[in-house]
Amino acid sequence: MVIVLERTIREDDKTRLRTFLEERGFRVREIVGENETIFGAVGSVAIDIREVEVRPGVERVIPITKPFKLASRELQKADTVVAVGPIKIGGPRIVMIAGPCSVETEAQIMESARIVRESGAVILRGGAFKPRSSPYAFQGLGEEGLRLLRKAGDEFGMPVVSEIVSTQDVSMFSDYVDLLQIGARNMQNFELLKAVGASGRPVIVKRGLAATIEEWLMAAEYVLAHGSENVILCERGIRTFETYTRNTLDISAIPVVRKLSHLPVIVDPSHATGIRDQVPPVALAGIAAGAAGLIVEVHPDPDRAMSDGPQSLFPDQFEKLMRDVEALAPVVGKELSRIPTRGRSIGAAGTGGARPALSADVTAGPVPVAFQGERGAYSEMALLRFFHDMEYRAMPCRSFRDAFDAVLSGAARYAILPIENSLAGSVHENYDLLLQYPDLTIVGEIKLRVEHSLIAAPGTTISDVRRVYSHPQALAQCHEFLRSHEWELVPFYDTAGSVAHIAEQRENGNAAIANAGAAEVYGMEVIKAGIETNPSNYTRFMILSRDEDDSDTGANMAGLVFSTPDRPGALFSAMQILADAELNLKKLESRPIAGKPWQYMFYVDVELPAGGGAFPDALERLRHVVEDLRVLGIFRAA
Ligand code: PEP
Ligand code: MN
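Numbering (this note's numbering), first residue to last: 63 to 700.
Rendered as structure tokens:
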């Protein structure tokens with residue numbers, strides 16, 4: 063049952079309530095939510111819930127109707143986010159786990175780790191104890207395999223996952239791996255589930271070959287009931303009558319499980335299909351359906367793999383899949399998880415010495431990040447997404463300039479600012495401000511899909527609406543939808559601000575257009591989501607810092623700005639240098655120079671090959687043909 067505690071409950075009443083429940087044979091777990099604190103009480107004992115309801119400090123008692131209790135959304139409304147080392151599974155970042163089916167040799171696992179890490183995977187997989195259908199097939203290297211997997215993980219800075227098949231191996235696994243995997247064949251090996259649960263380690267519970275969703279959640283319940291709080295579910299295909307694929311991926315299980323449970327669910331497209339060429343499309347379908355990540359088999363030389371070669375991706379296939387997942391992520395409101403690049407990237411310790419480190423365990427407290435707008439603004443949504451892996455404090459600023467100032471003065475460590483919208487074009491003010499703040503550098507970028515919602519006070523229906531407030535750009539972007547209604551359109555300075563405004567006014571007939579997150583911030587409700595005319599609407603945000611050391615060493619983009627001498631072919635010579643260096647131009651934009659009528663600065667985004675390629679040389683050559691050249695930042699473009 064779920065016991066909702068009163069906000070004002072006294073500590074001693076809480077202790078007495080816990081003791082009372084435990085004496086009756088319940089296992090009690092306290093869950094502190096944003097709005098309320100609850101006790102989840104689970105056990106095989108029957109109790110008259112009125113006995114609990116009457117105790118001091120108890121607000122109400124809700125029985126959990128499902129057979130799975132700790133895994134149920136009835137117990138915990140918020141998504142569970144499982145931390146595996148620095149990687150979080152179940153939040154706004156898509157986690158890619160990859161590696162070979164089995165660890166075969168040191169060279170093979172090292173090479174696999176290098177390949178998947180370079181393409182962007184964040185956790186390394188590799189089986190050492192293989193539950194094979196045939197006793198004559200390769201059974202895995204055992205403990206030696208785990209040792210090699212750990213070595214490869216350490217070498218490439220990745221947490222590792224491997225399948226455990228025996229209760230006796232739990233403590234040995236704890237020495238080598240960060241994440242334990244319960245394989246499909248062991249999903250109902252209850253002794254194993256109990257032992258793994260008791261280890262307290264994060265666990266992936268794969269769905270059994272012929273398990274119903276309920277049986278699968280009950281398996282997770284075993285792990286949770288025995289002590290682990292960190293369970294990840296994995297849909298890996300089930301047995302059906304179909305023979306063209308190894309299994310049938312139950313894609314609908316993903317939304318079903320997400321509704322029933324707070325646990326993150328990932329997809330294994332490799333065992334689901336059994337055939338290499340079917341892995342990428344099915345993988346993307348998993349992400350589109352709401353999976354928190356993927357676990358994919360990749361081998362440096364699949365034709366020579368000792369197990370599951372036919373379903374293992376070639377390195378270049380995996381690289382392509384990673385790019386496709388990265389492109390798909392903003393469509394489903396997520397971003398790809400990345401390992402902070404050692405010592406230099408956002409989220410890792412800075413190399414600046416005197417500067418505080420930025421990782422979550424830093425003693426200096428949450429990192430202040432400035433954004434422009436009211437709470438709930440699109441910028442804050444981007445901030446939330448980008449800084450998810452870090453302990454941060456969002457600092458709302460009135461204007462873009464205030465956000466720049468906050469970083470310059472040191473009041474904020476970073477600022478996150480919109481630079482371009484895919485429909486409306488550049489945010490010129492921010493381009494101009496970049497010039498006025500030469501001490502600030504672009505250290506990162508994120509793309510956010512802009513999904514506008516019509517928002518009003520709870521209970522309002524569409525026919526009640528008379529007036530719609532929003533930023534003129536948002537109103538324009540919802541033109542098609544608004545045209546079909548006879549509403550008064552009221553331009554407002556800010557989208558989130560317009561929601562704050564109608565929340566304050568509490569006037570019947572008022573509505574606002576903003577992102578759905580803003581409705582939550584101000585206790586309003588979404589009446590209709592996705593009202594933008596063009597659903598392909600994205601905004602790029604840049605992350606600014608005062609410290610170049612915050613740049614990501616995985617950079618793939620450079621932002622430059624320069625002016626050119628006033629003579630024929632001046633811009634052409636600059637472009638020629640980039641062309642000769644085979645550097646791909648992603649954007650070129652001119653802006654007037656303040657105080658110099660009819661003279662212009664050119665803003666250029668250049669794609670960087672891995673390692674930077676000929677960029678440093680090209681930059682040197684550029685200095686000779688252009689004026690006032692400045693590197694705005696070398697960063698990882700999303
Ligand atoms: C594996 O991940 O290598 C594996 C054996 O998977 P499953 O248990 O899903 O068959
Ligand atoms: Mn396999």
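Glycine included, every Cβ here is placed at the ideal spot set by N, Cα and C.
Source: prediction; values computed, not measured.
Just checking my contact of residue i with residue j at CB under 8 Å: how many whole Å lie between their CB atoms?
i    : j    : result
P342 : Q379 : 7 Å
V358 : S332 : 6 Å
G119 : R89  : Rounded, the Cβ-Cβ distance is 20 Å, inconsistent with contact.
L390 : A350 : 7 Å
F191 : I226 : 7 Å
A711 : L640 : Residue coverage of the chain in this structure runs from 63 to 700, which leaves residue 711 outside it and unanswerable.
V561 : G438 : 6 Å
L356 : I508 : Rounded, the Cβ-Cβ distance is 21 Å, inconsistent with contact.
A656 : E397 : Wrong, their Cβ atoms sit about 35 Å apart, outside the cutoff.
R298 : A246 : 6 Å
M63  : I126 : 6 Å
Whole angstroms is fine: what's the gap from residue i's alpha carbon to residue j's?
i    : j    : result
C540 : V394 : 20 Å
G87  : I65  : 16 Å
R385 : R112 : 55 Å
A676 : G506 : 21 Å
N577 : V114 : 41 Å
E689 : D667 : 17 Å
D556 : A565 : 14 Å
A108 : E92  : 20 Å
P221 : C459 : 38 Å
A573 : I524 : 9 Å
F543 : S532 : 14 Å
G207 : E513 : 47 Å
G695 : L286 : 46 Å
F624 : G487 : 20 Å
V265 : G147 : 13 Å
F218 : A538 : 48 Å
E644 : A465 : 36 Å
R698 : G616 : 6 Å
H288 : A281 : 11 Å
D231 : V319 : 30 Å
D215 : I401 : Residue 215 is actually Gly in this sequence, not Asp. Cα to Cα, G215 sits roughly 12 Å from I401.
L203 : S224 : 12 Å
E283 : G105 : 12 Å
P678 : R194 : 52 Å
I100 : R263 : 24 Å
Y238 : V165 : 13 Å
K658 : R685 : 21 Å
T302 : M234 : 36 Å
L211 : G95  : 37 Å
Quick check on residue i: does DSSP put it in helix, strand or coil?
i    : result
M249 : coil
N492 : helix
K213 : helix
G435 : coil
E610 : helix
F543 : helix
I517 : strand
W549 : coil
Y440 : helix
L622 : strand
T335 : helix
P193 : coil
V90  : strand
G299 : coil
A103 : strand
G559 : helix
G673 : helix
Y198 : coil
E166 : coil
Q535 : helix
Y665 : strand
Let me check you understand the geometry: is the CB of residue i closer than 7 Å to at least one non-hydrogen atom of the ligand NAP?
i    : result
H288 : Inclusion of the ligand NAP in the displayed structure is not the case, the ligand content consisting of the ligand PEP and the ligand MN alone.
Tell me which residues pass a beta-carbon proximity test against the ligand MN: closer than 5 Å to any heavy atom, given in chain order.
Qualifying residues, in the order they occur: C163 and D370.
Is it a yes or a no for the region 600-610 touching the region 488-502, going by three-plus beta-carbon pairs under 8 Å?
Taking a contact to require three or more Cβ pairs closer than 8 Å, the region 600-610 and the region 488-502 qualify as touching.
Report yes or no: do the region 430-438 and the region 469-478 share at least 3 C-beta pairs separated by less than 8 Å?
The region 430-438 is in contact with the region 469-478.
Does the region 245-257 come into contact with the region 163-183, if we say contact requires no fewer than three beta-carbon pairs (one atom in each stretch) closer than 8 Å?
No: fewer than three Cβ pairs fall under 8 Å.
Is the region 121-133 touching the region 272-282, taking contact as three or more C-beta pairs under 8 Å?
Enough Cβ pairs lie closer than 8 Å, so yes.
If we count Cβ pairs, one from each stretch, closer than 8 Å, do we get three or more for the region 439-448 versus the region 133-147?
Contact between the region 439-448 and the region 133-147 is absent: fewer than 3 CB-CB pairs across the two stretches fall below 8 Å.
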